[in-house]
Amino acid sequence: MPVRVQAPAVVAHRGASADAPQNTLAAIDLAGEVGAAMVEIDVHLSADGVPVVIHDGTVDATTDGTGEVRSRTRDELQGLDAGSWFGPEFAGQRIPTLAEVLDVVARHPGLGVLCEYKGRWSADDVAVTMRVLDDPGLDGRLIVQGFDPQTVAALRDVAPQVPRSLLVEHPREGLPALLAALHAAAVSPGVALIADDPDLVPTAHAAGLRVFGWTANDEPAWRTLVDAGVDGIITDRPAALRDWLGSTASPAQG
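Here is the structure:
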């Protein structure tokens with residue numbers, strides 16, 4: 014088998030979310046500062062149709078508010094504190110708009126964006142986000158993804174020029190055919206799925222797809238993904254992963 018000569022890309026999950034509140038500008042900026050290759054973010058639409066960056070469909074887990082993201086306007090969402098739950102030093106962090114996140118990304122040349130669409134999206138709603146993501150500065154630095162094949166199909170139809178990935182957590186019958194139908198450029202399996210299926214990564218590579226493994230936060234998981242030959246590792250700990258990759262003495266077999 015060929016020797017892998019390039020380390021996988023470090024992808025900061027929801028920003029540098031082990032050290033700053035997830036999906037906030039602080040976490041995005043820190044990901045760039047510690048040298049992540051990409052930042053993974055989650056996008057929803059507010060009640061007034063503004064793309065905002067938050068993981069859950071509700072604000073309960075990461076703000077001082079309650080209720081569904083889609084039931085609140087951008088101004089209402091940004092009136093919530095999205096940082097104090099993580100630590101007092103982050104009090105005042107807000108739910109950022111997608112445009113605000115891209116402004117921070119732009120301050121870190123070479124930092125890419127892996128944008129996840131939560132749940133099922135219509136083509137019309139996807140088009141709203143693409144008006145923000147259609148930024149010349151992101152050319153070659155943007156990948157969009159989702160768990161729902163219908164959402165990924167909407168991404169394909171609305172923005173065929175943007176590379177897309179299908180997130181996969183469990184074994185899925187007919188996965189290669191589905192990825193081909195979606196015109197996917199990548200697949201994003203969980204660590205456990207990659208560990209359980211040694212053919213997954215080489216099959217994807219044979220089809221010309223990149224592979225992003227998630228979410229790996231310790232050395233055993235990182236080693237599993239490196240040995241499998243993935244192209245990127247999604248982690249809450251981008252600085253630690255970067256240092257570990259730099260200290261790894263021998264290249265993995267891909």
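According to the working numbering, the sequence shown holds residues 14 to 267 in order. Cβ coordinates follow ideal geometry from the N, Cα and C atoms, glycine included. All values reported here derive from a predicted model rather than from experimental measurement.
### Message
Going by DSSP in three states, Phe-103 sits in which element: helix, strand or coil?
### Response
Position 90 of the sequence shown, counted from the start, is the residue given in the question as residue 103. Helix, per DSSP.
### Query
Which residues mark the beginning and the end of the beta strand (DSSP E) in which Arg-177 is found?
Here residue 177 corresponds to residue number 164 of the sequence shown, with the count starting at 1. Membership of Arg-177 in the beta strand (DSSP E) is indicated by the continuous run 177-181.
### Query
Tell me which same chain residues have a C-beta within less than 8 Å of the C-beta of Thr-71, skipping the five on either side of it?
Taking the sequence shown and counting its residues from 1, one reaches residue 71 at position 58. For Thr-71, where only same-chain residues beyond five positions count, the Cβ hits under 8 Å are Thr-79, Gly-80, Glu-81 and Val-82.
### Query
Between the stretch 30-42 and the stretch 115-132, do three or more beta carbon pairs fall short of 8 Å?
Short answer: they touch.
### Query
Which whole runs of the beta strand (DSSP E) in the stretch 128-205 are 3 residues long or more, in chain order?
155-159, 177-181 and 199-202
### Alpha-carbon to alpha-carbon, Ala-199 and Met-51
Taking the sequence shown and counting its residues from 1, one reaches residue 51 at position 38. Taking the sequence shown and counting its residues from 1, one reaches residue 199 at position 186. Their backbone Cα atoms lie some 14 Å apart in a straight line.
### Query
Near Arg-134, which residues of its chain fall below 6 Å by C-beta distance, leaving aside the five closest residues on each side in sequence?
Indexing the sequence shown from 1 puts residue 134 at position 121. Reading off the sequence shown, one finds Trp at residue 134, where the question assumed Arg. Within the same chain, Trp-134 has close Cβ partners Thr-164 and Ala-167.
### Message
So, for Thr-237: in the same chain, excluding its five sequence neighbours on each side, which residues have a beta-carbon less than 7 Å away from its beta-carbon?
### Response
Mapped onto the sequence shown, residue 237 falls at position 224. The residues are Val-204, Ile-207 and Ala-208.
### Message
So, with DSSP's three-state summary, where would you put Ala-219?
### Response
Residue mapping note: residue 219 aligns to position 206 of the sequence shown, counting from 1. Here Ala-219 sits in helix by DSSP.
### Task
May I ask which residues mark the beginning and end of the beta strand (DSSP E) holding Pro-64?
What you label residue 64 is simply residue 51 of the sequence shown in a count that begins at 1. Unbroken beta strand (DSSP E) run through Pro-64: 64-66.
### Query
Among residues of its own chain, excluding the 5 on either side of Gly-259, which ones have a beta-carbon nearer than 6 Å to its beta-carbon?
Residue mapping note: residue 259 aligns to position 246 of the sequence shown, counting from 1. Nothing listed; no residue qualifies.
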